[in-house]
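Trainee:
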Amino acid sequence: MADDPFVSIVVPARNAEATLAQALDCLLGQDFANWEAIVVDDGSTDGTPAVIASYVEQDARFRTVSSCANSAAGARNKGISEARGRWLMFLDADDWVDASFLAKMLAVLGASPDSVAAYCGSRRVMPDGALTPPSIAPEVAIQPFETFARRCAIRTHALLIDRATITELGGFDVSLRTCEDWDLWQRVARLGKRWVMVDEPLAFYRNSPGSLTRNSTQMLADAEIVIARGFSADPRVKHPASAHANGAISAHGGTASEALAWFVLWNAASDCGSGGGSIEPQTLRALPARFEWAREIAKVVFDGLVVGSRSVPEQLAARWDRIGGPVTELVVELGKVWGDPVAGRRVQYHLEQMLLDFDDLAAPRRLARTLAIRVDVRNPRSTELPKGIDQIYAYLVKDGQIEALVQFGVLGNVTRRHWIDLILNFVPTQEFIRGLSGHERMVFRFWRCFARLAGRSPEPAPQPTAGAGKVDMLANALLSMAGRRSDRDSHFGKLAELAAEAQALVRSSAEPKGPLAPRRAWAADGRDNDRTSFWNRHFATEDPWNYGSPYEQEKYERQLEILPAGPIGRALELACAEGHFTRQLAPRVGHLTATDISAVAIGRARARCSDQPNVEFGVLDFSADTLPGEMDLIVCSEALYYLDDLTELRRIAKKLVEALAPGGCFISAHAFVLRDNVERTGFDWNTFGAQAISETLALTEGLILERSIQTELYRIDRFRRLSPDDVVTEPVIDHVPIRAPVEIGVARNIVWGGARVLRRDVARSERRQRIPVLMYHSVADEGPAALARFRVAPAMFDSQMAWLRANGFHAIMSEQLEWFIANRQPFVGRPVLITFDDGFQNFADHAWPILRANDLTAEVFLVTDLVGGSATWDTDAGPPTQLMDAGTVRRLAGEGAFFGSHLATHRAIDGLSSSDLAAELLRSRMFIERWTGRPTTAFAAPFSVTDRRLGRLAKECGYRIGFGGRHGPADLDCDPIDLPRIEIRGDRLLDNFVAILEAVLE
């Protein structure tokens, strides 16, 4: 096999007697045996040649050559020139690979014969032998060249690569002291051939003090050369793939300056880890400052610290005294370069959390913004907050065992009582009180009883009035939680101060125009003992159906149009209500008796028609009372559906025949109802409708249909009582359009085009464990192209809401969702929670009318400091969109829209200090309550960005419901303060929307 090796392994070695044996031993242990190893002695002055000689003598697969290149690149090139295998591997003398390395790499190459290289994951090995977590770059297998144009994503010895390709490309660039492997991989990738991945950490890389990776100045100079080559044509590659001939494409992963900035950042963090080095901050300017990059930036800093400090992640927090100052200065400089201290603080929070997530907190850790400690759950003690600290990261410990992790934003000292409250969220009460004295148990039980009654969070009970009263209650609740004056430096004392400041700001602001949203008024028992009581209560509000609307007036005109020709002597109007149609009918008949079951309605009708001498009024229940007889005309509009059932309708039909004179006419005007025919447009009422009424009347002995005027929403029929000598003829059917606008009060009950299912039917038959919470932003036809994802066209939104209506969905609010979760009650029917972030004016202009027309509502999350302004956070994408003002918010709240907090400034919360975050939560809530007159209990995190501080701090500021960054339906197991949502994108078709909703229903 040594004469015809399949793999050639090149091992450059210079003064490597301490580590070389381990590197060569890993080759002897390989599961695949057909290899050769070419060990290149690059001018060693120690015992390296003797080590090499012992292996050459032991196994014929080892060969040795000498080199005087004095560089890894030159030594490797010497080895390449001696290699005979199909595949090449480059193993440095202080590294090693797993025994399965060659077998697994060759297996994936065999399965992908057109691949030029295979690579695997790797782990660093620290001087004490500790291993870092595995790392691998899946993006290399997806976009090899675009990746290597920007960074070196794999270890030198973590790949097998085609020898012919390496030879064709000229091997390693000896002009580079570092980054020579990166440069070669970049050239190979420019050819456009496949790279395949083995998703295992098979390569081990020793992080040694003498490594060239510690020479940050040299590395930075070489990296700048390699990156520049990656973004331009490379004459060394004679046959590049056409897509890569002119270098990397910025749109596929950032510019050359960004790539260099990322490398500079890693280099600077490595220097921070080693306790030295300096940086020119302007070189970092190209790094992306937006919130979505903060965690990635923190990860790069974290990795640099690991390398520079030669520490595994579990050791970093303990070494903060040495590395903390330089790395915090680096992050502060980032914020200055960006001109955005919040962005720098965001990176700091992410970095500190990464450090602590690896630490066991064997001792307290005080970082720049975080205090990390262990707390004995049976004997918690007050914690004094050091200066600059605004979050606590704590392990709750019982009998030496970690019970839970709690991380929270903190504004002041954490009292013993505060700790107890936190502990009881994680540790059963009996476990906690077991360690208390008798007196402490008594005090604890008293306090728990008080806390249960008063509530630990400053959540005031709903009050009958809105505005400043609720704001006062919130501040007072916080003050009571702060306790005695000696506690004013506590967390809740500081929170109370913020609440008072917010309260003063709200009080000093101008009151928006318009009345507050009306509160729901409920009857004592919600029921009526008889029809008369029902209708009298219904007419307690004048003009309950908006009889003067164009839609109702057009219907009246058509009823007059269908009157029989010739003089009409005696007429009877059933259910005349307040006399609007009575006044129009009276001039067309000789004498009119107008009746209604409600005395309240008759009183108003009599007043309205007081100048009509041929009209008499009377209270009449046409179901129970006897109808006057010998009528030439009886008119009944929109009343027969209120009968109990079709049996009663048939009985009433016979009464109508008896009340008509022979040849007399009965006019019926009623709407189509889905219960009659779910496949056609109709009103979603729980009753029969025009179709069933017409069919019943047509089957009544003595009545025939003469004429019918039919629209998409209603039909008006004229029936005639037969005379003995009448000849029955086919009725005249006229189909006419509805020309009058259909007002919201009517439209919300209509399902256009019919329904697949009815709400009441699914409410009876369906119970489910999860529901869709839909997230929208803007509803508009036009806007910046970069924001197309967040902008749904009004026509598309209309189609989406119509689909929801036709498929039996009903809208609920976040408070209802919270109730179902808290009570573990399955959701009834098909509920959907529709939410809108930001509070754009186009919600009021486009979305709200569509929602109301489909009998749906929504919850809008407002950016309260910017209400009435524009979405300044989107200025990079184009002209910012207008936001609703406070008067519009108040008006829509009165019409049935609901509002929650999107905080005050629309800054991503993971960069806000805990004090700023609390201030925004409090301020935004108080303003919304003032504008709407309703309690505000829900928030949505701007940009859907959250951190571990948000939920608890939001509860302390009075919120019960929160929406963060998780995607998907909400279910009964969700945490109400961190609920998921489903983004509805504007660049998707209706079919995508339908698929999302149907998936939730499955």
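Each residue of the sequence shown is one higher than the one before, counting from 3 in our numbering. All C-beta atoms, glycine included, are put in the ideal place defined by N, C-alpha and C. Please read all numbers here as calculations on a predicted model, not as lab measurements.
(1) I need the DSSP call for I740, collapsed to helix, strand or coil.
(2) Cβ of I984 within 8 Å of Cβ of L776?
(3) Could you pull the start and end residues of the alpha helix (DSSP H) that A300 belongs to?
(4) Using the Cβ count rule (16 or more neighbours within 10 Å means buried), how would you classify V12?
(5) On the premise that A18 lies in contact with T50, defined as a C-beta separation below 8 Å, what is that separation, rounded to the nearest angstrom?
(6) Going by the CB atoms, is the gap between I54 and A119 shorter than 8 Å?
(7) Under 8 Å between the Cβ atoms of V2 and D840?
(8) Mapping DSSP to helix, strand and coil, what is I375?
(9) Kindly indicate the opening and closing residues of the beta strand (DSSP E) around T837.
(10) Could you say which of D43, L30 and R165 lies nearest to D100 if we only look at CA atoms?
(11) Excluding the 5 residues preceding and the 5 following R990 in the sequence, name in chain order all residues of the same chain whose CB lies nearer than 6 Å to its CB.
(12) Around the Cβ of S10, are there at least 16 other Cβ atoms within 10 angstroms (buried) or fewer (exposed)?
(13) If you draw a straight line from the C-alpha of R509 to the C-alpha of R936, how long is it?
(14) Nearest-angstrom Cα distance between A95 and F863?
(15) I need the straight-line Cα distance from A406 to S916, nearest angstrom please.
(16) Would you kindly check if the distance between the Cβ of H352 and the Cβ of A300 is under 8 Å?
(17) What is the DSSP secondary structure of F721, counted as helix, strand or coil?
(18) Can you look up P328 in the DSSP assignment and give me helix, strand or coil?
(19) Rounded C-beta distance between N641 and F541? I'm assuming under 8 Å.
(20) I believe V41 touches A71 by the beta-carbon criterion, under 8 Å. Please report the beta-carbon distance rounded to the nearest angstrom.
(21) What do you reckon, are the CB atoms on R807 and E768 nearer than 8 Å?
(22) Less than 8 Å between the C-beta atoms of S259 and V309, yes or no?
(23) Report yes if the C-beta distance between C667 and F721 is below 8 Å; otherwise report no.
(24) Identify every run of the beta strand (DSSP E) within the region 53–129, keeping only runs that are complete inside it and at least 3 residues long; order them along the chain.
(25) Just the Cα atoms here: how many angstroms apart are H420 and Y397?
(26) S625 by DSSP, collapsed to three states: which one?
(27) E650 by DSSP, collapsed to three states: which one?
(28) With a cut-off of 8 Å on the beta carbons, I'd call G87 and F8 a contact; round off their distance for me.
(29) Rounded to a whole number of angstroms, what is the C-alpha to C-alpha distance between A972 and G966?
(30) What's the gap between the Cα of V781 and the Cα of R791?
(31) Since I believe P743 is in contact with P552 (beta carbons under 8 Å), could you give me their beta-carbon distance rounded to a whole number of angstroms?
(32) Hey, how far is the Cα of S384 from the Cα of R761?
(33) Three or more C-beta pairs closer than 8 Å, one from the region 341–352 and one from the region 314–328: is that the case here?
(34) Would you give the residue range spanned by the beta strand (DSSP E) that M815 belongs to?
(35) If you reduce the DSSP assignment to three classes, tell me which class L991 lands in.
(36) Just verifying my parser: in three-state terms, what is the DSSP assignment at F393?
Mentor: This is what the structure gives:
(1) Your numbering for residue 740 matches position 738 in the sequence shown. It is coil, neither helix nor strand.
(2) Taking the sequence shown and counting its residues from 1, the one referred to as residue 984 is at position 982. Taking the sequence shown and counting its residues from 1, the one referred to as residue 776 is at position 774. Cβ atoms of I984 and L776: closer than 8 Å.
(3) Translated into the one-based positions of the sequence shown, residue 300 becomes position 298. Note, A300: alpha helix (DSSP H), A296 to S311.
(4) Walking along the sequence shown from the start, residue 12 turns up at place 10. It counts as buried.
(5) Position 48 of the sequence shown, counted from the start, is the residue given in the question as residue 50. Position 16 of the sequence shown, counted from the start, is the residue given in the question as residue 18. The pair is a contact, with the Cβ atoms about 5 Å apart (cut-off 8 Å).
(6) Stepping through the sequence shown from its first residue, residue 119 is reached at position 117. Stepping through the sequence shown from its first residue, residue 54 is reached at position 52. No.
(7) For residue 2 there is no data in the structure shown, the boundaries of the chain being 3 and 1004.
(8) Stepping through the sequence shown from its first residue, residue 375 is reached at position 373. It is a strand residue.
(9) The sequence position of residue 837 within the sequence shown is 835, counting from 1. Per DSSP, T837 is one residue of the beta strand (DSSP E) stretching across R832 to D840.
(10) Looking up residue 100 in the sequence shown gives position 98. Selected option, being the one with the closest Cα: L30.
(11) The sequence position of residue 990 within the sequence shown is 988, counting from 1. Excluding residues within five positions, none has a Cβ falling inside 6 Å.
(12) As a position in the sequence shown, residue 10 is number 8, starting the count at 1. Counting Cβ neighbours within 10 Å, S10 comes out buried, since at least 16 surround it.
(13) Taking the first residue of the sequence shown as 1, we reach residue 509 at position 507. Taking the first residue of the sequence shown as 1, we reach residue 936 at position 934. If I take the Cα positions, the gap works out to 16 Å.
(14) Locating residue 95 in the sequence shown gives position 93, counting from the first residue. Locating residue 863 in the sequence shown gives position 861, counting from the first residue. Rounded to whole angstroms, the gap between the alpha carbons of A95 and F863 is 60 Å.
(15) Translated into positions along the sequence shown, residue 406 becomes position 404. Translated into positions along the sequence shown, residue 916 becomes position 914. Distance between the alpha carbons of A406 and S916: 22 Å.
(16) For the purposes of this step, residue 300 is taken as residue 298 along the sequence shown, with counting starting at 1. For the purposes of this step, residue 352 is taken as residue 350 along the sequence shown, with counting starting at 1. Their beta carbons are under 8 Å apart, which means A300 touches H352 by this criterion.
(17) As a position in the sequence shown, residue 721 is number 719, starting the count at 1. Strand, per DSSP.
(18) Your numbering for residue 328 matches position 326 in the sequence shown. Helix.
(19) As a first step, residue 641 is located in the sequence shown; it is residue number 639 there, counting from the start. As a first step, residue 541 is located in the sequence shown; it is residue number 539 there, counting from the start. Reading off the sequence shown, one finds Ala at residue 641, where the question assumed Asn. That pair is no contact at about 13 Å.
(20) Translated into the one-based positions of the sequence shown, residue 41 becomes position 39. Translated into the one-based positions of the sequence shown, residue 71 becomes position 69. Rounded, the Cβ-Cβ distance is 14 Å, inconsistent with contact.
(21) On the sequence shown, position 805 is the one that residue 807 refers to. On the sequence shown, position 766 is the one that residue 768 refers to. Cβ distance not < 8 Å, so R807 and E768 don't count as in contact.
(22) On the sequence shown, residue 259 is found 257 positions in, with the first residue counted as 1. On the sequence shown, residue 309 is found 307 positions in, with the first residue counted as 1. It is not a contact, given that the beta carbons lie outside the stated cut-off.
(23) Looking up residue 667 in the sequence shown gives position 665. Looking up residue 721 in the sequence shown gives position 719. Their beta carbons are under 8 Å apart, which means C667 touches F721 by this criterion.
(24) 64–68, 89–92 and 117–127
(25) Looking up residue 420 in the sequence shown gives position 418. Looking up residue 397 in the sequence shown gives position 395. Their Cα atoms are separated by approximately 15 Å.
(26) Your numbering for residue 625 matches position 623 in the sequence shown. Three-state DSSP puts S625 in coil, outside helix and strand.
(27) As a first step, residue 650 is located in the sequence shown; it is residue number 648 there, counting from the start. Here E650 sits in helix by DSSP.
(28) Taking the first residue of the sequence shown as position 1, residue 87 is located at position 85. Taking the first residue of the sequence shown as position 1, residue 8 is located at position 6. With 8 Å as the limit, G87 and F8 qualify as a contact, their Cβ atoms being about 6 Å apart.
(29) The count along the sequence shown starts at 1 and reaches residue 972 at position 970. The count along the sequence shown starts at 1 and reaches residue 966 at position 964. Cα to Cα, A972 sits roughly 12 Å from G966.
(30) Walking along the sequence shown from the start, residue 781 turns up at place 779. Walking along the sequence shown from the start, residue 791 turns up at place 789. Those two C-alpha atoms are separated by around 11 Å.
(31) The residue given as residue 552 occupies position 550 in the sequence shown. The residue given as residue 743 occupies position 741 in the sequence shown. Yes, P552 and P743 are in contact; Cβ-Cβ is about 6 Å, under 8 Å.
(32) Here residue 384 refers to the residue found at position 382 when the sequence shown is read from its first residue. Here residue 761 refers to the residue found at position 759 when the sequence shown is read from its first residue. In a straight line, the C-alpha of S384 is about 54 Å away from that of R761.
(33) no
(34) Counting from one through the sequence shown, the residue named residue 815 turns up at place 813. Unbroken run through M815: none, as it is neither H nor E.
(35) Along the sequence shown, read from residue 1 onward, the residue named residue 991 stands at position 989. If DSSP states are grouped into helix, strand and coil, L991 belongs with coil.
(36) The residue given as residue 393 occupies position 391 in the sequence shown. In the sequence as presented, Phe is not what sits at residue 393; that position holds Gln. Strand, per DSSP.
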